[in-house]
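In what follows, a structure is listed as structure tokens, so that the remarks can point back to it.
Chains as they are written, first to last, in UniProt numbering: chain V, 1 to 242; chain W, 1 to 242.
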């Protein structure tokens with residue numbers, strides 16, 4: 001049985017955007033902080049993993065957003081590691097309002113990395129046992145992210161500064177959303193809502209890199225397609241249903 | 001007698017920089033959130049002020065930093081409006097660790113703005129009475145910020161994007177620190193600590209502006225001097241004692 005963890009949070013003024021709604025980057029920071037506390041609670045702290053040269057790396061998120069929380073709102077963040085197979089661990093997050101109505105569901109795929117070799121290592125059964133995640137044979141299916149490559153337009157270049165990097169000396173992938181969303185007109189951001197979002201992470205972005213944000217908006221299906229590229233390497237691909 | 005407000009906070013991984021210490025921008029966000037809660041508690045919410053077309057605007061901070069809080073650390077944030085005169089209100093903030101040792105003291109100067117005319121209005125005695133601030137005749141003295149203008153070097157230009165602006169459609173002045181600190185080498189940031197800091201805010205920065213960060217480091221007194229300029233207008237001037 002998966003072990004659930006829940007925490008209460010009040011949305012702060014610095015976690016919202018111009019529309020007073022929680023930003024995607026703050027949303028990810030909040031849920032990642034909840035998983036950190038959860039893992040700590042069940043005795044799998046990141047410090048302990050680091051001492052074994054191991055680290056969790058997220059590869060994909062699928063988000064269903066009924067309603068983005070707003071400034072001042074009290075929300076509940078719930079999380080559990082739901083399932084795992086030889087290489088992948090599947091963790092879910094739910095955000096609720098005070099009336100226990102679900103606002104957001106996020107499903108994610110994680111791998112375990114050997115921090116010395118930077119290579120994937122198999123799921124540690126002992127760790128997975130502690131989380132209560134169910135062992136499964138096949139990978140879980142996530143929506144396939146398919147970008148219309150020939151229609152993507154290079155929109156903006158960024159230069160990674162001190163304030164973009166975290167303790168691991170790379171850009172926290174929560175912030176990729178800032179660079180992607182900024183490629184859409186402000187008037188569009190103000191008057192549209194995200195219904196669902198899929199993002200896949202590939203290569204990390206380091207200090208003083210110059211990532212480029214590519215975008216295409218398809219008016220027929222109301223989807224925006226995003227790619228963050230770092231030179232020839234793809235840092236992330238994302239599809240947003242508005 | 002000033003009325004004090006105190007809150008507990010655990011420093012999150014997304015509030016720290018590469019050295020695992022709280023960033024200046026997160027520090028300001030945390031203390032401003034504490035004053036918002038404080039004002040709410042004593043019945044002077046910003047919503048009520050907005051209904052009267054009034055808003056608080058900070059003009060200056062003086063910070064003394066004994067030790068920056070670190071990731072995971074539990075801190076206490078205390079604040080009070082200490083004094084006011086005809087136009088200025090003086091608010092202080094203190095950060096403590098769990099052993100009640102003071103880590104940081106911040107003194108700040110606030111004015112009240114008529115949001116329609118964008119002009120300063122006199123301190124409202126009724127509001128000030130609620131805060132318990134002491135009425136004083138003369139302005140309080142803050143360290144004078146004097147930049148070596150001829151030695152300042154234009155370092156970096158920024159372009160204000162969606163993720164830089166807040167609900168008021170301007171750049172939150174907490175984030176000015178990010179742009180200022182980024183003008184110093186990463187090796188310097190990693191191996192030095194801020195002892196004190198003075199910043200004065202002048203003009204706001206809006207969406208799609210292109211502010212420039214100017215810097216000069218004086219090795220003799222271990223001070224860095226910073227200016228953020230937006231075209232011909234000075235957005236902020238800052239002196240940091242390292």
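All C-beta atoms, glycine included, are put in the ideal place defined by N, C-alpha and C.
>> Please return the same chain residues whose Cβ sits closer than 7 Å to the Cβ of residue 87/V, not counting the five positions on each side in sequence.
In response: As a first step, residue 87/V must be located in the first chain, where it is residue number 87. The residues are 111, 120, 122 and 123.
>> Closer than 8 Å between beta carbons: that is the criterion. Which residues of the segment 227-242 of chain V meet it against chain W?
In response: Listed by position, the residues of the segment 227-242 of chain V near chain W (Cβ gap below 8 Å) amount to none.
> Is residue 14/W buried or exposed, if buried means 16 or more other CB atoms sit within 10 Å of its CB?
Replying inline: Position 14 of the second chain holds residue 14/W. Classification for residue 14/W: buried.
> Can you tell me the Cα-Cα spacing of residue 197/V and residue 31/V, whole angstroms?
Replying inline: Mapped onto the first chain, residue 197/V falls at position 197. Mapped onto the first chain, residue 31/V falls at position 31. Roughly 16 Å separates the two Cα atoms.
> Can you give, in chain order, each stretch of the beta strand (DSSP E) that sits fully within the segment 12-97 of chain V and has at least 3 residues?
Replying inline: Taking only runs of at least 3 residues, the beta strand (DSSP E) segments lying wholly in the segment 12-97 of chain V are 54-65, 74-84 and 89-96.
>> Given this structure, state the Cα-to-Cα distance separating residue 91/V from residue 83/V, to the nearest angstrom.
In response: Along the first chain, one-based indexing puts residue 91/V at 91. Along the first chain, one-based indexing puts residue 83/V at 83. Rounded to the nearest angstrom, the gap between the Cα atoms of residue 91/V and residue 83/V is 7 Å.
> Would you report the Cα separation of residue 133/W and residue 56/W, rounded to the nearest angstrom?
Replying inline: On the second chain, residue 133/W is found 133 positions in, with the first residue counted as 1. On the second chain, residue 56/W is found 56 positions in, with the first residue counted as 1. Rounded to the nearest whole angstrom, the C-alpha separation of residue 133/W and residue 56/W is 15 Å.
> CA-CA distance, residue 165/W and residue 2/W?
Replying inline: Locating residue 165/W in the second chain gives position 165, counting from the first residue. Locating residue 2/W in the second chain gives position 2, counting from the first residue. Cα to Cα, the separation comes out at about 33 Å.
> DSSP beta-bridge partners for residue 233/W?
Replying inline: In the second chain, counting from the first residue as 1, residue 233/W sits at position 233. Answer is 230/W.
>> Quick check: the Cα distance between residue 237/V and residue 49/W, rounded to an integer number of angstroms?
In response: The sequence position of residue 237/V within the first chain is 237, counting from 1. The sequence position of residue 49/W within the second chain is 49, counting from 1. Taken atom to atom, the span from the alpha-carbon of residue 237/V to that of residue 49/W is near 43 Å.
>> I'd like the list of long-range same chain contacts for residue 222/V, defined as Cβ closer than 6 Å, with 5 residues on each side in sequence excluded.
In response: In the first chain, residue 222/V corresponds to position 222, counting from 1. Around residue 222/V: 242.
>> By the 9 Å beta-carbon criterion, what residues does the segment 170-182 of chain V contribute toward chain W?
In response: The residues in question are 172, 174, 175, 177, 178, 179, 181 and 182.
> Between residue 192/V and chain W, is there a C-beta pair that is closer than 8 Å?
Replying inline: Position 192 of the first chain, counting from 1, holds the residue named residue 192/V. Closer than 8 Å: no.
> Can a CB atom of chain V be found closer than 8 Å to the CB of residue 217/W?
Replying inline: Here residue 217/W refers to the residue found at position 217 of the second chain. The beta-carbon of residue 217/W is placed no less than 8 Å from the nearest beta-carbon of chain V.
> Can you name the residues of chain V whose CB is closer than 7 Å to the CB of residue 207/W?
Replying inline: For this step, residue 207/W is matched to residue 207 along the second chain. Counting only Cβ-Cβ distances below 7 Å, residue 207/W has contacts in chain V at 186, in chain order.
>> I need the DSSP call for residue 129/V, collapsed to helix, strand or coil.
In response: Counted from its first residue, the first chain places residue 129/V at position 129. Residue 129/V: helix per DSSP, three-state reduction.
> Whole alpha helix (DSSP H) runs in the segment 129-206 of chain V with 4 or more residues, listed along the chain?
Replying inline: The segment 129-206 of chain V is shown to contain whole alpha helix (DSSP H) runs of 4 or more residues at 176-181 and 186-191, in chain order.
> Tell me the DSSP bridge mates of residue 114/W?
Replying inline: Working through the second chain from its first residue, we reach residue 114/W at position 114. For residue 114/W, which the question treats as bridged, DSSP gives the partners 54/W and 119/W.
>> Taking CB distances under 8 Å as the criterion, tell me whether residue 36/V reaches chain W.
In response: Position 36 of the first chain, counting from 1, holds the residue named residue 36/V. With a threshold of 8 Å between beta carbons, residue 36/V makes contact with chain W.
> What does residue 272/V touch in chain W if you count any residue whose Cβ is under 9 Å from its own?
Replying inline: There is simply no residue 272/V to check, as chain V begins at 1 and stops at 242 in what is shown.
>> Let me check one thing: in DSSP terms, what residues is residue 105/V bridge-paired to?
In response: Along the first chain, one-based indexing puts residue 105/V at 105. In DSSP, residue 105/V forms a bridge with 64/V and 94/V.
> residue 161/W touches chain V at which residues, Cβ-Cβ below 7 Å?
Replying inline: Looking up residue 161/W in the second chain gives position 161. Going along chain V in sequence order, the residues near residue 161/W (Cβ under 7 Å) are 182.
> Cα separation between residue 128/V and residue 93/W?
Replying inline: Looking up residue 128/V in the first chain gives position 128. Looking up residue 93/W in the second chain gives position 93. Between residue 128/V and residue 93/W, the alpha-carbon positions lie close to 44 Å from each other.
>> Counting only Cβ pairs nearer than 8 Å, list the residues of chain W close to residue 33/V.
In response: Position 33 of the first chain holds residue 33/V. What residue 33/V touches in chain W, judged by beta-carbon distance under 8 Å, is 12, 13 and 14, going in chain order.
>> Assuming residue 213/W is part of the beta strand (DSSP E), what are its boundary residues?
In response: Position 213 of the second chain, counting from 1, holds the residue named residue 213/W. Counting along the chain, the beta strand (DSSP E) containing residue 213/W begins and ends at 212-218.
>> Excluding the 5 residues flanking residue 180/V on each side, which residues of the same chain have their C-beta closer than 7 Å to its C-beta?
In response: As a first step, residue 180/V is located in the first chain; it is residue number 180 there, counting from the start. Closer than 7 Å at Cβ, skipping near neighbours: 213, 226, 228 and 238.
> Under 8 Å between C-beta atoms, does residue 107/W make it to chain V?
Replying inline: Counted from its first residue, the second chain places residue 107/W at position 107. No, because no Cβ of chain V sits closer than 8 Å to the Cβ of residue 107/W.
>> Per DSSP, what are the beta-bridge partners of residue 9/W in this structure?
In response: For this step, residue 9/W is matched to residue 9 along the second chain. Beta bridge pairing from DSSP links residue 9/W with 75/W.
> Among all the DSSP beta bridges, which residues are the ones paired with residue 225/V?
Replying inline: The residue you call residue 225/V lines up with position 225 of the first chain. Looking at the DSSP output, residue 225/V sits in a beta bridge with 216/V and 239/V.
> My guess is that residue 204/W and residue 170/W are in contact by the Cβ rule of under 8 Å, so how many angstroms apart are they, rounded?
Replying inline: Within the second chain, residue 204/W is the residue found at index 204, counting from 1. Within the second chain, residue 170/W is the residue found at index 170, counting from 1. Taking 8 Å as the upper bound for CB-CB distance, residue 204/W and residue 170/W are in contact here, some 5 Å apart.
> Looking only at C-alpha atoms, which of 45/W, 71/W and 145/W sits nearest to residue 47/V?
Replying inline: Walking along the first chain from the start, residue 47/V turns up at place 47. Comparing Cα positions, the closest option is 71/W.
> For residue 20/V, which residues in chain W fall below 7 Å Cβ to Cβ?
Replying inline: Your numbering for residue 20/V matches position 20 in the first chain. Listed by position along chain W, the residues whose Cβ is nearer than 7 Å to that of residue 20/V are 167.
> Within 10 angstroms of its Cβ, does residue 188/W collect 16 or more other Cβ (buried), or is it exposed?
Replying inline: Here residue 188/W is taken as the residue at index 188 of the second chain, counted from 1. With fewer than 16 other Cβ atoms within 10 Å, it is exposed.
> Using a beta-carbon distance below 8 Å, is residue 74/W in contact with chain V?
Replying inline: Reading the second chain from its first residue, position 74 is the one you call residue 74/W. No, residue 74/W lies away from the interface with chain V (no Cβ there is under 8 Å from its Cβ).
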